[in-house]
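In full-length UniProt numbering, the protein residues as written are 1 to 452.
What follows is the structure, given as structure tokens:
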């Protein structure tokens, strides 16, 4: 009679052993995954909106002090020849896909697509978020999308983002919304307007990403947090730090561009938000293994002027000039980049997808891309890095190739580059040396061949 009891006990013991082995195996797998992820750097990518070199004190801007952004220059690498397209949507699509705007048909600002109800960026295009997700990264984006209409909610996730929070430009009733005061945001498909109506919009975006970063760290997962800041794009209205901050709501609702005198306050708030994100990395103890990128999508708005190297400078957004397309780029990577270093290589927006892939070990997409990785130039391995000879800049109104000395436009003009912020000067072909003429003719042919 005792034998069945013994069998039951043995069965229980076997079951317990199997459960123990299963749990141990799972824990070992998790531990191994964490160890693998430990060697992969996190990515914090900050993209400011409508801010040229003149807006950052580390680059000689004198309008405001930007100590938190400047910290990235002191602790990382400052780039002197970073180029984007002078409009938001063309730059954002090129950053994400690694492909020039004429290939992705994203030549216009979002308002033009919105007006004609056309699609913007197609989900068949590459995405650096999608590639990092394939490599095991958690991915998030917050701020401004500008690549499709948020009525198509699946699009954001189709580009590889696990979670997102955006300002939604229009309500479902086709009414214009606010982005700063009483903001109208959408988080993972759900409008969150009511629960944040007493808060300053950009702060809500930063809190969303700090929560994402904290959760990723607790899970032992590498992350890519993409902060596409709303600041300091118009309407220029008071921030929480402004003396008359109570006017923010009425100004944002009442006028299109806002009041230029608030632009400096908005740059300061951008810097404050950058500082909050950096403090999050410090608090969690992950700053040393996090690549922080600060970039802007185009130059400062033409309606604004600032102080740059003791001169008054008007913004160049939407213009095919260096004031429209030459922008700040700062990268900090404590374990790899020498503090206070400078990079003089030509870099363009398309280069970020392959660079992020090389840094993280993520695969490259199957589609052809225009970008070239500059990862080796970050770590001082310039001996094996062959820098680009030119960059491509484009809007719907024209395009050009730019070297460090010359610009060749698609309407056949040759221009000699001048130090920023002076515009390039057109030159007469007959006044050129044979060497310069041959160089420019080659560039002209390259520009034409890009569309073939």
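Cβ coordinates follow ideal geometry from the N, Cα and C atoms, glycine included.
In the displayed model, residue 252 falls within a helix according to three-state DSSP. Residue burial is scored here from C-beta neighbours: residue 218 has fewer than 16 other C-beta atoms within 10 angstroms and is therefore classed as exposed.
Around the beta carbon of residue 286, 16 or more other beta carbons lie within 10 angstroms, which makes this residue buried. Setting aside the 5 residues that flank it on each side, residue 317 is surrounded in the same chain by 50, 86, 298, 299, 300, 301, 302 and 324, each with a C-beta closer than 7 Å to its C-beta; the list follows chain order.
When 167, 444, 392 and 311 are compared, the shortest CA-CA separation from residue 348 is found for 392. In the structure shown, residue 449 adopts helical secondary structure according to DSSP, grouped into three states. Around the Cβ of residue 415, a 10 Å sphere holds 16 or more other Cβ atoms; the residue is buried. Using a Cβ distance threshold of 7 Å, residue 69 and residue 56 count as a contacting pair. Two segments are said to touch when three or more pairs of C-beta atoms, one from each, lie closer than 8 Å; by this definition the region 325-335 touches the region 280-295. Boundaries of the beta strand (DSSP E) around residue 78: 77-79. Within its own chain, the residues whose Cβ lies closer than 8 Å to the Cβ of residue 176, once the five positions on either side in sequence are excluded, are 169 and 170, listed in chain order.
If you compare the alpha carbons of 13, 367 and 237 with that of residue 181, the shortest gap goes to 237. Of all alpha-carbon atoms in 438, 421 and 384, the one lying nearest the alpha-carbon of residue 408 is that of 438. Distance check between residue 375 and each of 368, 367, 385 and 369 places 385 closest, using alpha-carbon atoms only. Judged by pairs of C-beta atoms under 8 Å, the region 204-220 touches the region 139-151, as three or more such pairs exist. If you ignore the 5 residues before and after residue 345, its C-beta comes within less than 6 Å of the C-beta of 377 and 387, all in its own chain and listed in chain order.
Contact between the region 257-271 and the region 184-191 is not established, with fewer than three Cβ pairs separated by less than 8 Å.
Here residue 326 is near residue 83, since their CB atoms are less than 7 Å apart.
Taking each of 336, 448, 13 and 319 in turn and checking the Cα distance to residue 395, the smallest one comes out for 319. A Cβ-Cβ contact shorter than 7 Å links residue 342 with residue 78.
Excluding its 5 nearest sequence neighbours in each direction, residue 125 has C-beta neighbours in its own chain below 6 Å: 97 and 104, listed in chain order. Per the DSSP secondary-structure output, residue 225 pairs in a beta bridge with 44 and 140.
Distance between residue 93 and residue 309, taken at the CA atoms: about 32 Å. The Cβ atoms of residue 356 and residue 128 lie closer than 7 Å to each other. The Cβ neighbour count for residue 405, taken over all protein chains shown within 10 Å, is under 16; the residue is labelled exposed. At a Cβ-Cβ threshold of 7 Å, residue 265 and residue 242 count as neighbours. For residue 97, the enclosing alpha helix (DSSP H) begins and ends at 88-97. It is roughly 20 Å from the alpha-carbon of residue 198 to the alpha-carbon of residue 232. Residue 341: member of the beta strand (DSSP E) spanning 341-343, first to last residue.
The beta carbon of residue 363 is closer than 8 Å to those of 131, 134, 135 and 357 in its chain, skipping five residues each way along the sequence. Closest by C-alpha distance to residue 172, out of 162, 186, 164 and 179, is 186. Secondary structure of residue 105 (DSSP, three-state): coil.
In the three-state scheme derived from DSSP, where H, G and I count as helix and E and B as strand, residue 437 is classed as helix. Measuring C-alpha to C-alpha distances from residue 108 to each of 90, 100 and 402 identifies 90 as the nearest. By the beta-carbon neighbour count (other beta carbons within 10 angstroms, threshold 16), residue 368 is exposed. A Cβ-Cβ distance of about 31 Å is found for the pair residue 227 and residue 450, leaving them out of contact under the 8 Å criterion.
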